[in-house]
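Counted from 1, the sequence shown has number 11 at position 11 by UniProt numbering; the numbering is strictly sequential.
Glycine included, every Cβ here is placed at the ideal spot set by N, Cα and C.
Everything below concerns the one structure shown next.
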Amino acid sequence: MDSLLMKQRQFLYQFKNVRWAKGRHETYLCYVVKRRDSATSFSLDFGHLRNKSGCHVELLFLRYISDWDLDPGRCYRVTWFTSWSPCYDCARHVANFLRGNPNLSLRIFTARLYFCDGYKAEPEGLRRLHRAGVQIAIMTFKDYFYCWNTFVENRERSFKAWEGLHENSVRLTRQLRRILLVRDFPASHCLSLPKSSFPAATSIVSYIPYIFLCAYVSIYHFFL
1 MDSLLMKQRQ FLYQFKNVRW AKGRHETYLC YVVKRRDSAT SFSLDFGHLR NKSGCHVELL
61 FLRYISDWDL DPGRCYRVTW FTSWSPCYDC ARHVANFLRG NPNLSLRIFT ARLYFCDGYK
121 AEPEGLRRLH RAGVQIAIMT FKDYFYCWNT FVENRERSFK AWEGLHENSV RLTRQLRRIL
181 LVRDFPASHC LSLPKSSFPA ATSIVSYIPY IFLCAYVSIY HFFL
C-alpha cells in the first residue's frame, strides 16, 4: 500500500478529467470503508492504492479487503474514487466478489472513463457492475473537494477547480448514462428476433414501434 496521503501534484495530474489524458497510464484508487450499524456508520479505514506491475488496482483492493475477514452478520459500504473506470476484466472480478459478499456494497466515483479493445468490452463491464448493484458516477467538483481534503497532503491549501472541470464532468456523466441505458435495451437483442415472430406479412405493421426502438438504441450505441 502507498503512503496514506497523496502529493498535491500527483493527485491533480492523475485525477484531472481532461478529454485526452495522455501519459496517464496508471490507475489511482482512493477508498473509504465503513461499517453500517442500524442508522449509523463507522469509518474503518481510508487510503489510496495504485497499479502494481502485473496487477490492476481494483484487484489489489479486493486482495486487501479479503484479508479483513469481514463479519458476515454486519453490513459494509466501500466507496472508491478512481482516476480511470475499471477495465472489463476488473469489472467482472469486482462483480463476482460482490455476489460472494452480499453484505458489502460499493460506490465508484471515477474521474475518467476507460475504453480499450475497440470500445465494446469496457461499456459492458460497467453495465455488469451496475447489474451487480454498484453505484457508478462521474466525479464532480464536490467529489474532488472531498478527495482533496481526505486523501491529499494539501497543507491547508484549498482545492481550486481547473478550467473545464465542470464541463468535462457533465460530458462524461452523459456518456456514462448512455452506456448504462443500453443494458435495458441491448441493440444485439434487436437483431436476434426469430423469423417465427413475423407469422404473416400483414402483421408486420404491429412491429413497427419495436423496429424504431431498435434503430434508436443502435444509434445510441454507435455514438457512445
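Residues that DSSP places opposite residue i in a beta bridge
{"i": "Arg36", "result": "Ser41 and Cys75"}
{"i": "Leu106", "result": "Val78"}
{"i": "Ile179", "result": "Paired residue(s): none; Ile179 is not in a bridge."}
{"i": "Arg50", "result": "Tyr28"}
{"i": "Gln135", "result": "Arg107"}
{"i": "Val152", "result": "Met6"}
{"i": "Cys55", "result": "Lys52"}
Outcome for residue i when other beta-carbon atoms lying within 10 angstroms are tallied against a minimum of 16
{"i": "Arg131", "result": "exposed"}
{"i": "Phe81", "result": "buried"}
{"i": "Asn168", "result": "buried"}
{"i": "Leu172", "result": "buried"}
{"i": "His166", "result": "exposed"}
{"i": "Thr110", "result": "buried"}
{"i": "Trp148", "result": "buried"}
{"i": "Leu106", "result": "buried"}
{"i": "Phe15", "result": "buried"}
{"i": "Val78", "result": "buried"}
{"i": "Pro86", "result": "buried"}
{"i": "Pro72", "result": "exposed"}
{"i": "Asp143", "result": "buried"}
{"i": "Gly125", "result": "buried"}
{"i": "Val33", "result": "buried"}
Other residues of its chain near residue i: CB distance less than 6 Å, five sequence neighbours each side excluded
{"i": "Cys84", "result": "The question names Cys, but residue 84 is Trp in the sequence shown. So the list reads Thr27, Arg112 and Tyr114, once near-sequence residues are dropped."}
{"i": "Ala121", "result": "Tyr88"}
{"i": "Ala95", "result": "Arg128, Leu129 and Ala132"}
{"i": "Val18", "result": "none"}
8 Å CB neighbourhood of residue i in its chain, flanking five on each side removed
{"i": "Tyr13", "result": "Arg24"}
{"i": "Arg74", "result": "Arg35, Arg36, Asp37 and Asn103"}
{"i": "Pro123", "result": "Phe115, Ile179, Val182 and Leu224"}
{"i": "Ser196", "result": "A caution first: Ser196 carries a pLDDT of 39, below 50, which makes its placement in the model unreliable, though a value can still be read off. Excluding residues within five positions, none has a Cβ falling inside 8 Å."}
C-beta neighbour in chain C for residue i, strict 8 Å
{"i": "Tyr114", "result": "Judged by its chain identifiers, the structure shown contains no chain C, having just a single protein chain."}
Nearest-angstrom Cβ-Cβ length linking residue i and residue j, presumed shorter than 8 Å
{"i": "Ile179", "j": "Arg127", "result": "7 Å"}
{"i": "Glu58", "j": "Cys90", "result": "4 Å"}
{"i": "Leu98", "j": "Val134", "result": "7 Å"}
{"i": "Thr150", "j": "Phe46", "result": "7 Å"}
{"i": "Leu70", "j": "His93", "result": "Going by Cβ atoms, the distance from Leu70 to His93 rounds to 17 Å, so no, they are not a contact pair."}
{"i": "residue 237", "j": "Val152", "result": "Lying outside 1 to 224, the shown extent of the chain, residue 237 is not represented and no answer is given."}
{"i": "Arg35", "j": "Leu44", "result": "6 Å"}
{"i": "Ile138", "j": "Leu176", "result": "6 Å"}
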